[in-house]
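Student: Numbering (the numbering used here), first residue to last: 7 to 423.
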Amino acid sequence: MILPISIFLITLLFIIIQPKNIQIGTSAIIGAIFALIFGVVSFNDVLEVSNIVWDATLAFIGIIILSMVLDKIGFFEWAALTMAHFSKGSGVKMFIYSILLGSFVSALFANDGAALILTPILLAKMRVLNLNIKTIIAFLLAGGFISDSASLPFVFSNLTNIVTANYFNIGFIEYFSNMIIPFIVSVFVSIIFLYLILRKDIPKRVDISLLKEPKSVIKNIKLFYFSWFFLLLLLLAYFVSDSYSLPISIFALGGAIIFLIIASLSKSVDAKSIIKDAPWQIVWFSIGLYIVVYGLKNAGLTDELTILMQYLSTKSDYIAVVSTGFISAILSAFMNNMPTIMIMDIALEDIGNEAMIYANIIGCNLGPKMTPFGSLATLLWLYVLSQKGVKISFLEYSKFGLLITPPVLLIVLLSLI
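1) Can Ala130 be considered in contact with the ligand ADP, in the sense that its beta carbon sits closer than 8 Å to one or more heavy atoms?
2) Report yes if the CB atom of Gly369 is closer than 9 Å to the CB atom of Gly380, and no otherwise.
3) Does the Cβ-Cβ distance between Val5 and Val414 come in under 9 Å?
4) With a cut-off of 8 Å, do at least 3 Cβ pairs link the segment 132-152 to the segment 198-215?
5) Quick check on Asp276: buried or exposed, where buried means 16 or more other Cβ atoms within 10 Å of its Cβ?
6) Using the C-alpha atoms, what's the distance from Pro209 back to Phe257?
7) In the segment 8-63, which residue ranges form an unbroken alpha helix (DSSP H) of at least 4 residues, counting only runs that do not cross its ends?
8) I'd like the list of long-range same chain contacts for Met350, defined as Cβ closer than 6 Å, with 5 residues on each side in sequence excluded.
9) Measure the Cβ-Cβ separation of Ser274 and Lys26 and say whether it is below 9 Å.
10) On the DSSP bridge list, what partners appear for Arg211?
11) Let me make sure I understand the geometry here. Which of Glu180, Phe291, Phe199 has the alpha-carbon closest to that of Tyr244?
12) Closest to Tyr103 by C-alpha separation, out of Ile152, Phe160, Ser270, would be which residue?
13) For Gly358, which of helix, strand or coil comes out of DSSP?
14) Specify, as a first and last residue, the run of the alpha helix (DSSP H) that Pro188 falls within.
15) For the alpha helix (DSSP H) containing Thr166, list its first residue and its last residue.
16) Can you look up Trp290 in the DSSP assignment and give me helix, strand or coil?
17) Is Asn138 near Asp154, with beta carbons less than 9 Å apart?
18) For Asn136, is the classification buried or exposed, using 16 other Cβ atoms within 10 angstroms of its Cβ as the cut-off for buried?
19) For Ile58 and chain C, any beta-carbon pair shorter than 9 Å?
20) Could you check which residue in Ala326, Ile69, Asn184 has the C-alpha nearest to that of Leu122?
21) Which residue's Cα is closest to the Cα of Gly80: Lys278, Phe230, Ser392, Lys394?
22) Tell me the DSSP secondary structure of Asp276 in three-state form.
23) Looking at the unbroken alpha helix (DSSP H) that takes in Met315, where does it start and where does it end?
24) I believe Leu259 touches Leu64 by the beta-carbon criterion, under 8 Å. Please report the beta-carbon distance rounded to the nearest angstrom.
25) In three-state DSSP terms, what is Asn304?
26) Using a 10 Å radius around the Cβ and a threshold of 16 neighbouring Cβ atoms, would you call Ala120 buried or exposed?
27) Pick from Leu242, Tyr173, Asn50: whose alpha carbon is nearest that of Leu354?
28) What did DSSP end up calling Leu259 once you bin it into helix, strand or coil?
29) For the alpha helix (DSSP H) holding Ala326, just list the boundary residues, first then last.
30) What do you get for Thr320, buried or exposed, if any count of 16 or more other CB atoms within 10 angstroms of its CB means buried?
31) In three-state DSSP terms, what is Asn366?
32) With a CB to CB cut of under 6 Å and the five nearest residues on each side skipped, what residues in its chain are close to Ala62?
33) Take Asn359 and list the residues in its own chain whose beta-carbon comes closer than 7 Å to its own, dropping the five residues that flank it on each side.
34) Whose C-alpha, out of Gly331, Phe291, Ile347, Asn371, is nearest the C-alpha of Leu419?
35) Is the separation between the beta-carbon of Gly294 and that of Arg211 shorter than 9 Å?
36) Check whether the segment 284-300 touches the segment 86-95, counting contact only when three or more Cβ pairs, one atom from each stretch, lie closer than 8 Å.
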């Protein structure tokens, strides 16, 4: 009993603090190797875990590669500048439009794409606008929050979505039809609460004449226009894939590779550097961490959680959904959302309550915003900001996260019922 818990906690600690720059995938695989050596998991467990996570992991990498290519051709910078010009110099409009842009990027390019690609662009533009540090932090906190709270509508919008959809064999259309309303509610409610909490730091007017014209940042205009057609085609392919029960990674990774080849042939991007910089550590992270979590299941440590989920499933929909969502959120905030989604999926496996499955996803997507270590996206986001001279302390981030997350989470969970 003590051994699987120890392996899990040490692995998680190494993933979060990354001592001596040991990457997240390396830490997870080392943890998995120890779990295998000490008999916490079997070789058959490793094969089963690999079968569960391979599609989710490759799909996620595909989405990030596609985002990286679009970033290289100026797609996201164009979007940020267009958003700024649409505001016509109104600080409030720019604040709202930046949140809407973040929700669009998060939904289509995953939460990590929104947090890691869009954040540096927005930061650079805000510095050009000569905004003070309080205003910059307000915009960044809003962008960081919406990157996760808006990562709900599609299976590929968050790694937690993909893992759960694969675990419970939820199709693309089925998932979308159940989560489109919570997504809309989440974006709308997030805007309201973000404005109420951060309004004192939002300027009334912004001098947008300091910014470039959106078209001037596009590296290849033909490829830019083609990218819109390609994205629409790719989105339609996801829906069509449901009819043939095809893995989502075929389209996510396959589409990314096709677009990368096209962009490379147009001399707009360096394919080798894109492939080299792709987050391959996510592959080892997903497989390794899931193996470690599987060790907790084998030791019977998820049984109590299963009993709790079974008990909640006998109560009203309101109690079952809200309780599941908040349990997932709290666990995610203090234990990281990836092990949480894995543990909760195992606990919900035999419950047969669809709403609780979606509540788990919502909790694991929004809950991490309560602490800096709730998700890898947040840790990487804070690291990127610190590298660019913006320091957000643990206390400052947690104070903001604990203030905004619970009410937004509650309202979004209620929209499931």
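Glycine included, each C-beta is placed from N, C-alpha and C at the ideal position. Treat the numbers as computed from the prediction; the structure is a model and nothing was measured.
Tutor: Judging by the given coordinates:
1) The ligand ADP is absent from the structure shown, which contains no ligands of any kind.
2) Going by C-beta atoms, Gly369 is not nearer than 9 Å to Gly380.
3) What the structure shows of the chain is the stretch from 7 to 423, and residue 5 is not part of that stretch, so it cannot be assessed.
4) The segment 132-152, when compared against the segment 198-215, does touch it at the 8 Å Cβ threshold.
5) With fewer than 16 other Cβ atoms inside 10 Å of its own Cβ, Asp276 counts as exposed.
6) Phe257 and Pro209: Cα-Cα distance of roughly 42 Å.
7) Restricted to the segment 8-63, the alpha helix (DSSP H) segments that are unbroken, complete and at least 4 residues in length are 8-23, 30-43, listed in chain order.
8) When the five nearest sequence neighbours on each side are left out, the beta carbons in the same chain lying within less than 6 Å of the beta carbon of Met350 are those of Ser334, Asn366, in order along the chain.
9) Not closer than 9 Å, so no.
10) BP columns for Arg211 point to Ser96.
11) Taking each of Glu180, Phe291, Phe199 in turn and checking the Cα distance to Tyr244, the smallest one comes out for Glu180.
12) Closest by alpha carbon: Ile152.
13) Secondary structure of Gly358 (DSSP, three-state): coil.
14) 178-204 is the extent of the alpha helix (DSSP H) around Pro188.
15) For Thr166, the enclosing alpha helix (DSSP H) begins and ends at 165-173.
16) In this structure, Trp290 counts as helix in the three-state DSSP scheme.
17) Contact flag unset, no.
18) Result: exposed.
19) Here there is only one protein chain, and chain C is not present.
20) Comparing alpha carbon positions, the residue from Ala326, Ile69, Asn184 closest to Leu122 is Ile69.
21) The option with the nearest alpha carbon to Gly80 is Phe230.
22) Of the three classes helix, strand and coil, the one that applies to Asp276 here is coil, per DSSP.
23) Element bounds for Met315: 309-319.
24) So it is a contact: roughly 5 Å between Cβ atoms.
25) The answer is helix: DSSP assigns Asn304 an H, G or I state.
26) With at least 16 other beta carbons inside 10 angstroms of its own, Ala120 counts as buried.
27) Nearest to Leu354 by C-alpha distance, out of Leu242, Tyr173, Asn50, is Tyr173.
28) Leu259: helix per DSSP, three-state reduction.
29) Looking at the DSSP string, the run of the alpha helix (DSSP H) that includes Ala326 is 323-341.
30) Per the 10 Å Cβ criterion, exposed.
31) Secondary structure of Asn366 (DSSP, three-state): helix.
32) Setting aside the 5 residues that flank it on each side, Ala62 is surrounded in the same chain by Ile168, Val169, Asn172, each with a C-beta closer than 6 Å to its C-beta; the list follows chain order.
33) Contacts found: Ser319, Ala326.
34) For Leu419, the closest alpha carbon among the candidates Gly331, Phe291, Ile347, Asn371 is that of Gly331.
35) No, the Cβ-Cβ distance between Gly294 and Arg211 is not below 9 Å.
36) With the cut-off at 8 Å, the segment 284-300 and the segment 86-95 do not touch.
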